[in-house]
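Below is one structure, written out as structure tokens; the observations come after it.
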Amino acid sequence: MFNDQRERKKTGKQEDVVYHQWATFKVDNELYGVDVIQVKEVLRYSEITPVPGASSYILGIINLRGNVVTVIDTRSLFGLMPHEADDDTRIIVVEYNENEVVGLVVDNVDEVINIPQKSVDRAPSVAGDESTKRFVQGVCYHHSNLIILLDLPKMLQSITPADPAGDDLF
2 MFNDQRERKK TGKQEDVVYH QWATFKVDNE LYGVDVIQVK EVLRYSEITP
52 VPGASSYILG IINLRGNVVT VIDTRSLFGL MPHEADDDTR IIVVEYNENE
102 VVGLVVDNVD EVINIPQKSV DRAPSVAGDE STKRFVQGVC YHHSNLIILL
152 DLPKMLQSIT PADPAGDDLF
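Right, dumping it as structure tokens:
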């Protein structure tokens, strides 16, 4: 496998360390990360057009330079209490299925960090919501902060109805 922008090898005295880049954000004061390769852009929270009959975690759609983007409420998807959008609220536009983009509403965006792949631990098995746990790819610590690393493809695939045409998320 060749080096790309998400995997960078640093040569140490005994072994190569593979780093992975994560875009981090907060939802309900928890720090989450998604693969930076999947992030297309970060937008300020703006007016979202509701879609009648959509699932409860779908806030609606936005027009992004002529493209319709489905916007997902991460708080609702994770089973958290609603929160009024403020100046820090952002929409992270991520790529899904190589030809579709989805917006994730988050409380605020933190930073892009490099994490050594060997520092990522499997998600702990704790009693809790199985639906949320299946989205978790792993966990790690960065500057003493726990970061929950999300498996974005699994997360989005789990909320996408089986649609043979692959048209949209509703």
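Residue numbers (the numbering used here): 2 to 171. Just so you know, even glycine gets a beta-carbon here, dropped at the ideal spot from N, CA and C.
As assigned by DSSP and simplified to three states, the class of A128: Summary for A128: the model assigns pLDDT 46, below 50, so the residue's position carries little reliability, and this model does not support an answer.
Using a threshold of 7 angstroms, is the CB atom of I114 nearer than that to any non-hydrogen atom of the ligand GDP? As far as ligands go, the structure on display features none, and thus does not contain the ligand GDP.
Reduced DSSP secondary structure (H/G/I, E/B, other) of V52: The three-state secondary structure of V52, taken from DSSP, is coil.
Where does R91 sit, in a helix, a strand or coil, going by DSSP? Secondary structure at R91: strand, using DSSP grouped into helix, strand and coil.
For L44, does the three-state DSSP call read helix, strand or coil? When DSSP states are grouped into helix, strand and coil, L44 belongs to the strand group.
Helix, strand or coil for Q158? Go by DSSP, reduced to three states. Residue state, collapsed to three classes: helix.
Report the option in R135, K27, C141 and V102 whose CA atom is closest to the CA atom of N68. Checking every option, the nearest Cα to that of N68 belongs to V102.
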